[in-house]
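Below: one structure, written as structure tokens.
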Amino acid sequence: MIISAFTKFRTSKPTQIPGLCFRTFNTSPQNNFHVAVLGASGGIGQPLGMLLKVNRLISKLTLYDLQHTMGVAADLSHIETPAKVKGFVGKDKLCEAIECANIVVIPAGLPRKPGMTRDDLFNKNASVVRDLVACVADTAPKALIGIITNPINAVIPIACEVLKKKCKLDPRRVFGITTLDIVRANTFVASLSGVSPLEVNVPVIGGHSPETIIPVFSRATPGVKVSEDKVKTLTKRIKEAGTEVVKAKAGTGSATLSMAYAAARFTNSLLRGLAGEKNVVESSYVQSDVVCDISYFATPLVLGKNGIEKNLGVGKLNKFEEDLVRKALPVLKKNIATGCKSESRYWFRHTFNGLRCRKIYKFPS
Ligand SMILES: NC(=O)C1=CN([C@@H]2O[C@H](COP(=O)(O)OP(=O)(O)OC[C@H]3O[C@@H](n4cnc5c(N)ncnc54)[C@H](O)[C@@H]3O)[C@@H](O)[C@H]2O)C=CC1
Ligand SMILES: O=C([O-])CC(=O)C(=O)O
55 MIISAFTKFR TSKPTQIPGL CFRTFNTSPQ NNFHVAVLGA SGGIGQPLGM LLKVNRLISK
115 LTLYDLQHTM GVAADLSHIE TPAKVKGFVG KDKLCEAIEC ANIVVIPAGL PRKPGMTRDD
175 LFNKNASVVR DLVACVADTA PKALIGIITN PINAVIPIAC EVLKKKCKLD PRRVFGITTL
235 DIVRANTFVA SLSGVSPLEV NVPVIGGHSP ETIIPVFSRA TPGVKVSEDK VKTLTKRIKE
295 AGTEVVKAKA GTGSATLSMA YAAARFTNSL LRGLAGEKNV VESSYVQSDV VCDISYFATP
355 LVLGKNGIEK NLGVGKLNKF EEDLVRKALP VLKKNIATGC KSESRYWFRH TFNGLRCRKI
415 YKFPS
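In the working numbering, the protein residues as written are 55 to 419.
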């Protein structure tokens, strides 16, 4: 299963594109990257750790969580690939886990249960992302940060605000991982059209919620002919695919295995960019100005040594897709404002409390 999962990376350029390695790896100096996973003991964290352990571009894999990380690290460390694995458990070990990382991937936080929306996770997950990103800013300010935690639309603005307050924001380095939407779109279109999913590529733009996930079938490659009716049905399915999994898991969580695959694919693309490979394109929800009036949007990006090298923008859309964007914009704006406001409120409270703690000077009477 894992071999076929990575065939996409291997088939296009077998000798240059790193992907899955069993024992046939090469260890050129470029393959020397350190990836840290924060939330490594969870439903996504564990299979993601495994897929990263077999990535030949990684020489060091650090796993951090509030619980169980030592067991996960011990288990993964027995896999016969070069990446050295180290586990860190508990808040006081966070900085050590992140130090000198080239890439930090964050799947930490609560998943939803049936009946919840991703937005319902905001109150719990906002502070998780805020604290983890604050530590990345202090210990590995040059790291590329890939965030999986929901709600993506609002927590990426929080991450950027945290970095901005610490004067460490480089918008080329902060990513909301929306790859699962593309993975799903490719899979569903392939099963409908009979083309191999490894050959299909459907751009998905916007954000990561039912109203904001926008598949762009008009630019799918290879040119797949899907009737108008089918486009509508497929669009609905892709928008609601997360809920489909949440319902099927019946209270035990949301997508974990497909998400781990998607995050491994995304991290692999970041690594390929860092390693100097040209024309690495992957989509992500990032700070951008490609759509008027909106400061975060998912679009295809060219990745390089400093993260985003070029934002390829929204591109040409048909009328149906334009309407989807129009409907998504107010929702996205609200989500972004929620993230930014929450961060300002937190910062104000924090600073104000700090001031209150100091001895208040009283004028001598
Ligand atoms: N971007 C996307 O497309 C997707 C995002 N997700 C999101 O990913 C997140 C994680 O999902 P699962 O792995 O299924 O959840 P999970 O509950 O199985 O695992 C989360 C892990 O995070 C850890 N954690 C919690 N707070 C932490 C902190 N402050 N520091 C370090 N670790 C901490 C927990 O101990 C746990 O091991 C959820 O928010 C979920 O909604 C899930 C699927 C797709
Ligand atoms: O639906 C969820 O809660 C998890 C998620 O983001 C997805 O599967 O796309």
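Where a beta carbon is used, it is the ideal one built from N, C-alpha and C, also for glycine. Just so you know, these numbers come straight off a predicted model, no measurement behind them.
Cβ shell of residue i (< 8 angstroms), same chain only, five flanking positions each side left out
i      : result
Lys370 : Ser272, Arg273
Lys147 : Tyr118
Arg399 : none
Val344 : Phe351, Thr353, Asn365, Gly367, Val368
Ile292 : Asp235, Arg238, Ala239, Phe242, Val258, Ile267, Pro269
Pro225 : Cys214, Val340, Gln341, Ser342, Ile362
Ser247 : Val254, Val278, Lys279, Val280
Leu378 : Gly260, Ile268, Thr289
Ile390 : Asn207, Ala208, Pro211, Ile348, Ser349, Tyr350
Own chain residues within Cβ distance below 6 angstroms of residue i, not counting five before or after
i      : result
Thr233 : Ala316, Arg319, Phe320
Gly141 : Leu117, Thr123, Met124, Ala127
Lys364 : Val356
Lys67  : The predicted model places Lys67 with a pLDDT of 33, which falls under 50 and marks its position as unreliable; any figure quoted below should be read in that light. Correct list: empty, nothing qualifies.
Ser58  : Caution is warranted here: a pLDDT of 36 is assigned to Ser58, below 50, making its placement in the model unreliable, and the coordinate value is therefore given only provisionally. Excluding residues within five positions, none has a Cβ falling inside 6 angstroms.
Glu397 : Ile212, Glu215
Ala90  : Thr116, Ala151, Ile152, Ala155, Val158
Asn177 : none
Ala285 : One detail in the question is off: residue 285 reads as Val in this sequence, not Ala. Counting only Cβ-Cβ distances below 6 angstroms, and skipping sequence neighbours, we find Phe271.
Close Cβ partners of residue i (< 7 angstroms) along its chain, the five nearest in sequence each way excluded
i      : result
Ala309 : Leu234, Gly296, Val299
Gly93  : Gly99, Asp119, Ile160, Pro161, Ala162, Gly163
Asn86  : Ser113
Leu328 : Phe87, Asn156, Lys359
Met313 : Ile98, Ile202, Leu234
Cys394 : Pro211, Glu215
Gly307 : Gly97, Pro165
Leu111 : Pro72, Asn85, Phe87, Leu325, Ala329
Leu223 : Cys214, Leu217
Pro101 : Thr310, Leu311, Ala314
Asn372 : Ser272
Thr392 : Phe176, Ala208
Ser95  : Asp119, Gln121, His122, Thr123, Val126
Asn179 : Gly163, Leu164, Thr203, Asn204, Val209
Cβ-based burial, residue i [other Cβ within 10 Å; buried from 16]
i      : result
Pro384 : exposed
Pro421 : Residue 421 lies beyond the residue range present for the chain, which begins at 55 and ends at 419; the question has no answer from this structure.
Asn333 : exposed
Asn204 : buried
Arg227 : buried
Cys221 : exposed
Ala352 : buried
Arg184 : buried
Asn109 : buried
Glu150 : exposed
Cys189 : buried
Glu376 : exposed
Ser245 : exposed
Ser337 : buried
Lys196 : exposed
Lys138 : exposed
Ala382 : buried
Lys301 : exposed
Lys107 : buried
Gly230 : buried
Ala194 : buried
Thr81  : The predicted model places Thr81 with a pLDDT of 48, which falls under 50 and marks its position as unreliable; any figure quoted below should be read in that light. Result: exposed.
Ala304 : exposed
Gly144 : exposed
Requested in this report: Taking only runs that begin and end inside the segment 238 to 263, name each unbroken beta strand (DSSP E) of 3 or more residues, in chain order.
Outcome: 258 to 260
Query raised in the report: Taking one C-beta from the segment 215 to 233 and one from the segment 242 to 257 each time, how about it: are there three or more such pairs within less than 8 angstroms?
Result: no
Query raised in the report: Should the segment 258 to 273 be called in touch with the segment 227 to 241, which here means at least 3 C-beta pairs below 8 angstroms?
Result: yes
Report task. With a floor of 4 residues, list each alpha helix (DSSP H) that falls wholly inside the segment 300 to 369, ordered by position along the chain. Result -> 311 to 328
Requested in this report: Please determine if the segment 116 to 136 and the segment 165 to 181 are in contact, where contact requires at least 3 C-beta pairs separated by less than 8 angstroms.
Outcome: no
Query raised in the report: Which runs of the beta strand (DSSP E), 3 residues or longer, sit entirely within the segment 102 to 166?
Result: 112 to 119, 138 to 143, 157 to 160
Query raised in the report: What residue ranges within the segment 209 to 242 form continuous beta strand (DSSP E) runs of no fewer than 3 residues, ordered along the chain?
Result: 228 to 230
Query raised in the report: Which runs of the beta strand (DSSP E) fall wholly inside the segment 180 to 211 and span at least 3 residues, in chain order?
Result: 198 to 201
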